[in-house]
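A.B. asks: Residue numbers (our numbering): 28 to 249.
For glycine and all other residues, C-beta sits at the position ideal for the given N, C-alpha and C.
Structure incoming, see below.
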Amino acid sequence: MSQLKRFPKCYWIWNHRIWCLNQLQATNEANWDVELAIVSKLLEMDSRNFHGWQYRRYLVENIQKKVAREYDNQNHLEKLAHLRIDIKEFEYTTAKINKNISNFSAWHNRTKLVPKIYHGLKELDDKNEFSDISHLFQSPYSIMVHDLELIKTGMYMDPEDTSVWLYLYWLITDKFFLDDLRSSTNERTTYKDILQEQLKLIEELNGLEKDDNGLDNCWCLK
Numbered sequence: 028m029s030q031l032k033r034f035p036k037c038y039w040i041w042n043h044r045i046w047c048l049n050q051l052q053a054t055n056e057a058n059w060d061v062e063l064a065i066v067s068k069l070l071e072m073d074s075r076n077f078h079g080w081q082y083r084r085y086l087v088e089n090i091q092k093k094v095a096r097e098y099d100n101q102n103h104l105e106k107l108a109h110l111r112i113d114i115k116e117f118e119y120t121t122a123k124i125n126k127n128i129s130n131f132s133a134w135h136n137r138t139k140l141v142p143k144i145y146h147g148l149k150e151l152d153d154k155n156e157f158s159d160i161s162h163l164f165q166s167p168y169s170i171m172v173h174d175l176e177l178i179k180t181g182m183y184m185d186p187e188d189t190s191v192w193l194y195l196y197w198l199i200t201d202k203f204f205l206d207d208l209r210s211s212t213n214e215r216t217t218y219k220d221i222l223q224e225q226l227k228l229i230e231e232l233n234g235l236e237k238d239d240n241g242l243d244n245c246w247c248l249k
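Structure below.
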């Protein structure tokens with residue numbers, strides 16, 4: 028642990044810690060919750076440490092495996108427990124993004140969690156437990172609208188921020204969203220409408236950048 032504090036971005040220290048946990052797991056001695064608390068503390072010190080985020084995903088995956096063993100043959104309870112964990116992680120990414128919009132690892136984690144949470148909620152008959160967040164996950168479209176507003180803030184705050192543009196690309200190209208927007212039963216905004224709206228926003232942003240420094244913004248042009 029002392030070495031991890033000194034060298035928090037050393038791949039081999041994180042890798043060795045995973046190896047140690049795998050050995051402890053063989054004798055059922057791995058304490059995943061303690062490790063999650065440790066990595067949460069480390070990410071407080073450096074919220075963009077991608078080694079820490081990768082390690083966090085590894086821990087969450089193993090916590091969910093542990094839950095699966097505990098709820099053996101109780102499929103409904105297992106799914107509920109997994110959903111609670113995923114929602115908690117989603118809220119964690121939101122908190123980190125709100126604190127630092129340039130957190131690429133938090134945005135990346137979000138891309139993994141959004142489809143899982145949507146499908147998990149869709150399978151539930153009773154969503155009362157998740158009423159605080161279920162409105163956001165009514166459809167892929169509702170998620171897209173929410174997160175487009177979130178990244179709009181980031182684009183205007185720092186037009187050079189790679190993470191925001193990559194997340195925008197995911198939102199407007201991923202099959203999860205496209206299938207919903209192109210659905211014959213979807214009577215809301217069309218995919219073309221979304222693209223035109225984003226194009227208008229990007230052209231406006233590029234105009235502001237050009238007014239400031241006389242140059243086009245490379246991300247706007249892409």
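Three-state secondary structure (DSSP) at Ala-133?
C.D. replies: For this step, residue 133 is matched to residue 106 along the sequence shown. Note: Ala-133 maps to helix in three-state DSSP.
A.B. asks: Mapping DSSP to helix, strand and coil, what is His-162?
C.D. replies: Counted from its first residue, the sequence shown places residue 162 at position 135. His-162 falls in the coil class under three-state DSSP.
A.B. asks: With 16 other CB atoms within 10 Å as the buried threshold, where does His-146 fall?
C.D. replies: Taking the sequence shown and counting its residues from 1, one reaches residue 146 at position 119. It counts as exposed.
A.B. asks: Taking buried to mean at least 16 other C-beta atoms within 10 Å of its own C-beta, is Ala-49 buried or exposed?
C.D. replies: Here residue 49 refers to the residue found at position 22 of the sequence shown. The displayed chain sequence assigns Asn, not Ala, to residue 49. That one is exposed.
A.B. asks: Counting pairs of beta carbons, one from the stretch 172–179 and one from the stretch 189–204, are three or more of them closer than 8 Å?
C.D. replies: Contact between the stretch 172–179 and the stretch 189–204 is present, because at least three Cβ pairs lie under 8 Å.
A.B. asks: Anyone know if the C-beta pair for Leu-148 and Leu-110 falls short of 8 Å?
C.D. replies: As a working mapping, residue 148 is identified with position 121 in the sequence shown. As a working mapping, residue 110 is identified with position 83 in the sequence shown. Their beta carbons are under 8 Å apart, which means Leu-148 touches Leu-110 by this criterion.
A.B. asks: Does the stretch 126–145 come close enough to the stretch 154–171 to have 3 or more Cβ pairs within less than 8 Å?
C.D. replies: yes
A.B. asks: Count the other CB atoms, across all protein chains shown, that sit within 10 Å of the CB of Asp-134; report buried if there are 16 or more and exposed otherwise.
C.D. replies: Here residue 134 refers to the residue found at position 107 when the sequence shown is read from its first residue. One point to set straight first is that residue 134 is Trp, not Asp, in the sequence displayed. By the 10 Å Cβ count, Trp-134 comes out buried.
A.B. asks: Nearest CA to the CA of Lys-219: which residue from Leu-232, Glu-230, Glu-231 and Leu-205?
C.D. replies: Taking the first residue of the sequence shown as 1, we reach residue 219 at position 192. Ranking the options by Cα distance to Lys-219, first place goes to Leu-205.
A.B. asks: Please report how far the alpha carbon of Phe-203 lies from the alpha carbon of Ser-29, in whole angstroms.
C.D. replies: The residue labelled residue 203 in the question sits at position 176 within the sequence shown. The residue labelled residue 29 in the question sits at position 2 within the sequence shown. Between Phe-203 and Ser-29, the C-alpha separation is close to 42 Å.
A.B. asks: In whole angstroms, what separates the C-alpha of Ser-132 from that of Asp-152?
C.D. replies: For this step, residue 132 is matched to residue 105 along the sequence shown. For this step, residue 152 is matched to residue 125 along the sequence shown. Rounded to the nearest angstrom, the two C-alpha atoms are 33 Å apart.
A.B. asks: From what residue to what residue does the alpha helix (DSSP H) around Ile-128 run?
C.D. replies: Here residue 128 is taken as the residue at index 101 of the sequence shown, counted from 1. That residue, Ile-128, is in no alpha helix (DSSP H); it is neither H nor E in DSSP.
A.B. asks: Thinking C-beta only, is Arg-75 closer than 8 Å to Asn-136?
C.D. replies: As a position in the sequence shown, residue 136 is number 109, starting the count at 1. As a position in the sequence shown, residue 75 is number 48, starting the count at 1. Result no, Cβ atoms of Asn-136 and Arg-75 do not sit closer than 8 Å.
A.B. asks: Suppose you measure from the CA of Val-87 to the CA of Phe-77; what does that come to, to the nearest Å?
C.D. replies: The residue given as residue 87 occupies position 60 in the sequence shown. The residue given as residue 77 occupies position 50 in the sequence shown. Cα-Cα distance, rounded: 15 Å.
A.B. asks: According to DSSP, is Gln-101 part of a helix, a strand, or is it coil?
C.D. replies: The count along the sequence shown starts at 1 and reaches residue 101 at position 74. Coil, per DSSP.
A.B. asks: Does DSSP classify Arg-75 as helix, strand or coil?
C.D. replies: For the purposes of this step, residue 75 is taken as the residue at position 48 of the sequence shown. Residue state, collapsed to three classes: coil.
A.B. asks: Closest by CA to Leu-228, which one among Trp-46, Pro-186 and Tyr-98?
C.D. replies: In the sequence shown, counting from the first residue as 1, residue 228 sits at position 201. If we check each option's Cα against that of Leu-228, Pro-186 comes out closest.
A.B. asks: Whole angstroms is fine: what's the gap from Leu-69's alpha carbon to Leu-31's?
C.D. replies: Within the sequence shown, numbered from 1, the residue matching residue 69 stands at position 42. Within the sequence shown, numbered from 1, the residue matching residue 31 stands at position 4. If I take the Cα positions, the gap works out to 9 Å.
A.B. asks: Locate the alpha helix (DSSP H) running through Leu-193, then write down its first and last residues.
C.D. replies: Along the sequence shown, read from residue 1 onward, the residue named residue 193 stands at position 166. Membership of Leu-193 in the alpha helix (DSSP H) is indicated by the continuous run 189–200.
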